[in-house]
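Down below is the structure, laid out as structure tokens.
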Amino acid sequence: MAETQQGETRRDFLYIATAAVGAVGAGSAIWPLIDQMNPAADVLALSSIEFDLSTVEPGMAVTVKWRGKPVFVRYRTPEEITSAEAVPLDELPDPQTDASRVQEAKYLILVGVCTHLGCVPLGQKASDPRGDYGGWFCPCHGSHYDTSGRIRKGPAPLNLFVPAYEFVSDTTVRIG
Amino acid sequence: MAAKFDNAIVRWIDHRLPIFSFMHHELHEYPTPKNLSYWWNFGSLAGIALVIMIVTGITLAMHYTPHVDYAFDSVERIMRDVNYGWLIRYLHTNGGSFFFIVVYIHIFRGMYYGSYKAPRELLWMLGVVILLLMMATAFMGYVLPWGQMSFWGATVITNLFSAIPVVGQSIVTWLWGGFSVDNATLNRFYSLHYLLPFVIVGVVILHMVALHRFGSNNPLGVDVKSAKDQIPFHPYYTIKDAFGLGVFLIFFSAFVFFAPNYLGHPDNYIQANPLVTPAHIVPEWYFLPFYAVLRAVPDKLGGVLLMFGSIAVLFILPWLDRSPVRSGQFRPIFKIFFWIIVLDSVLLTYLGGKPAEGGYVIAARFATAYYFMHFLIILPALSIFETPKPLPKSISEPVIGGGGGFAGATAAPKENVR
Chain A
0 MAETQQGETR RDFLYIATAA VGAVGAGSAI WPLIDQMNPA ADVLALSSIE FDLSTVEPGM
60 AVTVKWRGKP VFVRYRTPEE ITSAEAVPLD ELPDPQTDAS RVQEAKYLIL VGVCTHLGCV
120 PLGQKASDPR GDYGGWFCPC HGSHYDTSGR IRKGPAPLNL FVPAYEFVSD TTVRIG
Chain B
0 MAAKFDNAIV RWIDHRLPIF SFMHHELHEY PTPKNLSYWW NFGSLAGIAL VIMIVTGITL
60 AMHYTPHVDY AFDSVERIMR DVNYGWLIRY LHTNGGSFFF IVVYIHIFRG MYYGSYKAPR
120 ELLWMLGVVI LLLMMATAFM GYVLPWGQMS FWGATVITNL FSAIPVVGQS IVTWLWGGFS
180 VDNATLNRFY SLHYLLPFVI VGVVILHMVA LHRFGSNNPL GVDVKSAKDQ IPFHPYYTIK
240 DAFGLGVFLI FFSAFVFFAP NYLGHPDNYI QANPLVTPAH IVPEWYFLPF YAVLRAVPDK
300 LGGVLLMFGS IAVLFILPWL DRSPVRSGQF RPIFKIFFWI IVLDSVLLTY LGGKPAEGGY
360 VIAARFATAY YFMHFLIILP ALSIFETPKP LPKSISEPVI GGGGGFAGAT AAPKENVR
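Residue numbers (numbering that gives the first Met the number 0), protein chains in the order written: chain A, 0 to 175; chain B, 0 to 417.
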């Protein structure tokens, strides 16, 4: 291959072009095999539910299942709302005002999955421990959530997630 | 090379496909250091445990249904209705535990006798790969009965990946195939639980190729100097391994027949319930030390990184311990620290099974810190500051060379009896 000064460049180009086309081809062939593991259409289709709030009384908490996960619906007492609103933001590991986490102050709606490693925190039943801040307590690794579902103490990095929801009527909420 | 075989058919086949020569060379005449102690039994035991797991696993798969509505019941059906189903399942569940016991002993043996040192670094690293594959396989297998511990163990462990910045949650959703651990998760775990053991077989073969390149290390840690230091694998080590296997099977049977659920959790006989977390989620005992490390760190990402780091550090062990002396027998200070790291690992195992609160967390932090200190500080420092005892000139010397100075360094007892 010493005929020209750049005698090798044409062959090099062919090598690189072949490898590049091969890599793109392999990549596009692999993608369906990877993407098949993502949620399937029927799983995605189950992504919203409606819930009747009229069955919930003040101070009561109800767990509903949404996307295979528990959703906590808590009808908060005035004291719980006041204590949630009174917390200074700089005391929070994941600062969020209580107002930004609710649409109607008395109904707190949260995904009941600890943001640490996914356990279901205790605090829904009257007999459950509710942690040091009156909200929820995760028994797995000891995270404490307050009455706004915000992380206050323990290894969880984030507040309990607020799902997308809207009030379809005064007493019905659609989650998802 | 080619061995002589009496049987004409064997000769005919071997001429065309030299499997008989290969087996004769690697399993019969294969020259092995003559001073191997019973600590060297655990490699072949691990291989046998792998075979037990694959055979019982394939038979269980003939009766198991990987669906959230049927999995739990199909396992109970195996226990009650399938002929010998109870035996096969108990062999499989306890077999997993015993596989880990054997492998952990095998690893500590390698650590004590410096079996990871040149030229066996890749042999050691392949072993760590096998350990990782075993952990993945065991974790996914534990999900299949679809009990409470199955479900919540799967939830907690897959959630570890959510600690990865930015893409973490997408990765977890991808692993789940949904928005929580559900049917899609169970199905893929079943598929992979069936696949990975065969990947392990592949890596075990590489492990064997790397082993047979230079042969086994030995309790003295000195290289083989001549054929006098070696004996053929068969019959000497085949019989020694067979005896060890018998002892192993006694212990194994004791658990399978008399305490089959001792190493398990009662909660896993409750069907999975996505809305209720058990009070204490505890992994199987063989994951406890890593679980303790995970929980020792108050930060989520930090805990996950440190947990994976506790295995990653084993990968680079050959380059952390720079001492030219392999065997701990000739390293007076190393020997002490070796037993401390053994105790530290036992302590972490204990702490991993305790609730993450109060004194347990503090103890776990110290034990975790010590674990990393051992590998990252103590071993490199010992390589510099420790003065090893004089090494024997060969494997034979302490036995037949009248090496008076090596009274404490004798080989396996059987070597003294000629």
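Where a beta carbon is used, it is the ideal one built from N, C-alpha and C, also for glycine.
Under 7 Å by beta carbon: chain B residues contacting residue i
i, result
"Val119 (chain A)", "Leu274, Val275 and Thr276"
Close Cβ partners of residue i (< 8 Å) along its chain, the five nearest in sequence each way excluded
i, result
"Gly148 (chain A)", "Phe71, Arg100, Leu107, Leu109, Gly134, Trp135, Asn158, Leu159 and Val161"
"Asn93 (chain B)", "Phe251, Phe254, Val255, Pro259 and Leu262"
"Glu103 (chain A)", "Phe166"
"Ala362 (chain B)", "Leu346 and Leu350"
"Met468 (chain B)", "Since the displayed chain B opens at 0 and closes at 417, residue 468 (chain B) lies outside it and no answer follows."
Chain A contact for residue i (CB, 9 Å cutoff)
i, result
"His279 (chain B)", "yes"
"Leu287 (chain B)", "no"
"Phe307 (chain B)", "no"
"Gly214 (chain B)", "no"
"Ala366 (chain B)", "no"
"Ala70 (chain B)", "no"
"Phe465 (chain B)", "The structure shown does not extend to residue 465 (chain B), since chain B spans only 0 to 417, so no value can be given for it."
"Gly146 (chain B)", "no"
"Gly358 (chain B)", "no"
"Arg321 (chain B)", "no"
"Gly302 (chain B)", "yes"
"Ala406 (chain B)", "Per-residue confidence for Ala406 (chain B) stands at a pLDDT of 43, beneath the threshold of 50, marking its modelled position as unreliable; no derived number is given."
Any non-hydrogen atom of the ligand PLP closer than 8 Å to residue i Cβ
i, result
"Ile150 (chain A)", "Judged by which ligands are present, the structure shown has none, so any question about the ligand PLP falls away."
Proximity below 9 Å, CB of residue i to CB of residue j
i, j, result
"Tyr290 (chain B)", "Gly351 (chain B)", "yes"
"Phe178 (chain B)", "Ile170 (chain B)", "no"
"Lys33 (chain B)", "Gln328 (chain B)", "no"
"His211 (chain B)", "Tyr369 (chain B)", "no"
"Lys299 (chain B)", "Pro94 (chain A)", "no"
"Ile150 (chain A)", "Ser47 (chain A)", "no"
"Thr114 (chain A)", "Pro156 (chain A)", "yes"
"Ser326 (chain B)", "Tyr112 (chain B)", "yes"
"Thr146 (chain A)", "Leu52 (chain A)", "no"
"Glu385 (chain B)", "Ile332 (chain B)", "yes"
"Thr63 (chain A)", "Asp181 (chain B)", "Thr is not the amino acid found at residue 63 (chain A); the sequence shown has Val there. Contact flag unset, no."
"Ala183 (chain B)", "Ala39 (chain A)", "yes"
"Leu185 (chain B)", "His66 (chain B)", "yes"
"Pro273 (chain B)", "Phe71 (chain B)", "no"
"Leu44 (chain B)", "Phe247 (chain B)", "yes"
Own chain partners of residue i with C-beta closer than 7 Å, once the 5 adjacent residues on each side are dropped
i, result
"Thr214 (chain A)", "Outside the modelled stretch of chain A, which goes from 0 to 175, sits residue 214 (chain A), for which no answer is possible."
"Tyr193 (chain B)", "Ala60"
"Trp85 (chain B)", "Met78"
"Leu121 (chain A)", "Asp127, Pro128, Trp135, Phe136 and Pro138"
"Ile269 (chain B)", "Gly146 and Gln147"
"Val223 (chain B)", "Pro32, Gly214, Gln229 and Ile394"
"Pro156 (chain B)", "According to the sequence provided, residue 156 (chain B) is Ile. The question's Pro does not apply to it. Excluding residues within five positions, the ones whose Cβ falls inside 7 Å are Phe138."
"Pro282 (chain B)", "Gly152 and Tyr290"
Cross-chain neighbours of residue i in chain A, by beta carbon under 7 Å
i, result
"Pro297 (chain B)", "Pro154"
"Arg294 (chain B)", "His140"
"Arg187 (chain B)", "Met36"
Interface residues of chain A facing residue i [CB-CB closer than 9 Å]
i, result
"Trp173 (chain B)", "Ile33, Asp34, Met36, Asn37 and Pro38"
Interface partners of residue i on chain B, CB under 9 Å
i, result
"Pro138 (chain A)", "Thr276, Pro277, Ala278, His279, Ile280 and Pro354"
"Pro92 (chain A)", "Under the 9 Å cutoff, chain B gives no residues; its nearest Cβ is about 11 Å from Pro92 (chain A)."
Short CB-CB distance (under 9 Å) between residue i and chain B
i, result
"Thr54 (chain A)", "no"
"Gly141 (chain A)", "yes"
"Ser46 (chain A)", "yes"
"Ala1 (chain A)", "Summary for Ala1 (chain A): the model assigns pLDDT 48, below 50, so the residue's position carries little reliability, and this model does not support an answer."
Contact set for residue i: own chain, Cβ-Cβ below 6 Å, skip 5 residues either direction
i, result
"Val359 (chain B)", "Position check: residue 359 (chain B) holds Tyr in this sequence, whereas Val was assumed. Taken in chain order, the residues that qualify are Leu350 and Lys353."
"Val61 (chain A)", "Val55 and Val72"
"Gly130 (chain A)", "Phe136 and His143"
"Arg187 (chain B)", "none"
"His62 (chain B)", "Ile77 and Val81"
Chain-ordered chain A contacts of residue i [CB-CB under 8 Å]
i, result
"Asp181 (chain B)", "Val42 and Gly67"
"Arg108 (chain B)", "Under the 8 Å cutoff, chain A gives no residues; its nearest Cβ is about 34 Å from Arg108 (chain B)."
Within chain B, partners of residue i - CB distance below 8 Å
i, result
"Thr62 (chain A)", "Leu274"
* Listed from N- to C-terminal order along the chain, which residues in the stretch 7 to 24 of chain A have their beta-carbon within a distance smaller than 7 Å of any beta-carbon of chain B? -> none
* **Where the stretch 148 to 167 of chain B meets chain A: residues whose CB sits under 9 Å from a CB there** => Trp151, Thr154, Val155, Ile156, Thr157, Asn158, Leu159, Ser161 and Ala162
* Asked: Just by C-beta distance, which residues in the stretch 103 to 117 of chain A are closer than 7 Å to chain D?
  -> No chain D appears in the structure shown, which is made up of the protein chains A and B.
* Asked: Taking a cut of 7 Å between CB atoms, which residues from the stretch 328 to 356 of chain B lie near chain A?
  -> Ala355 and Glu356
* Note down, in chain order, all residues in the stretch 70 to 103 of chain B with a beta-carbon under 9 Å from any beta-carbon belonging to chain A. => none
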